[in-house]
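Novice: Below are the structure tokens for one structure; questions will follow.
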Amino acid sequence: MTQKITDTIKDSSGEITHYILDNGEKLEKSEGVNRAKNGEIDGVIVAHSRKGEEYLRTKPDGNEGNNLSSL
């Protein structure tokens with residue numbers, strides 16, 4: 025069964041450090057990326073930052089209110 029991200033934890037600069045799943049589980053960014061790659065997290069894609077780091081983004085749907093950065 026896939027999970028959904030319902031919240032995030034950000035550091036002092038606003039960068040997402042953890043993802044909170046709908047079952048209450050807290051994942052570090054790297055674990056969230058690995059689970060998304062395995063198809064265990066619904067509604068996200070793996071993206072790459074300018075620094076080459078992998079992170080999760082919501083699948084584009086035209087609704088900015090449900091973007092991970094807005095959680």
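The sequence shown begins at 25 in my numbering and counts up one residue at a time. We put the CB at the ideal spot given by N, CA and C, even for glycine.
Measuring CA to CA, which of 83, 31, 63 and 47 is closest to residue 71?
Specialist: Taking the sequence shown and counting its residues from 1, one reaches residue 71 at position 47. Here the closest residue by C-alpha is 83.
Novice: Out of 63, 79, 78 and 74, which one is the CA nearest neighbour of residue 25?
Specialist: Translated into the one-based positions of the sequence shown, residue 25 becomes position 1. Sorting 63, 79, 78 and 74 by C-alpha distance to the C-alpha of residue 25 places 63 at the top.
Novice: Kindly indicate which three-state DSSP category residue 20 falls into: helix, strand or coil?
Specialist: No statement about residue 20 is possible, as the shown extent of the chain runs from 25 to 95 and does not include it.
Novice: Go through its chain and collect everything with a Cβ distance to residue 65's Cβ below 6 Å, but skip five positions before and after it.
Specialist: Within the sequence shown, the letter at position 41 stands for residue 65. The answer, listed in chain order, is 27 and 59.
Novice: How many Å lie between residue 53 and residue 80 at the Cα?
Specialist: Your numbering for residue 53 matches position 29 in the sequence shown. Your numbering for residue 80 matches position 56 in the sequence shown. Answer to the nearest angstrom: the Cα atoms are 8 Å apart.
Novice: With H, G and I counted as helix, E and B as strand and the rest as coil, what does DSSP make of residue 64?
Specialist: Residue mapping note: residue 64 aligns to position 40 of the sequence shown, counting from 1. It is coil, neither helix nor strand.
Novice: My output table needs one value for residue 53: the three-state DSSP class, helix, strand or coil.
Specialist: For the purposes of this step, residue 53 is taken as residue 29 along the sequence shown, with counting starting at 1. Here residue 53 sits in helix by DSSP.
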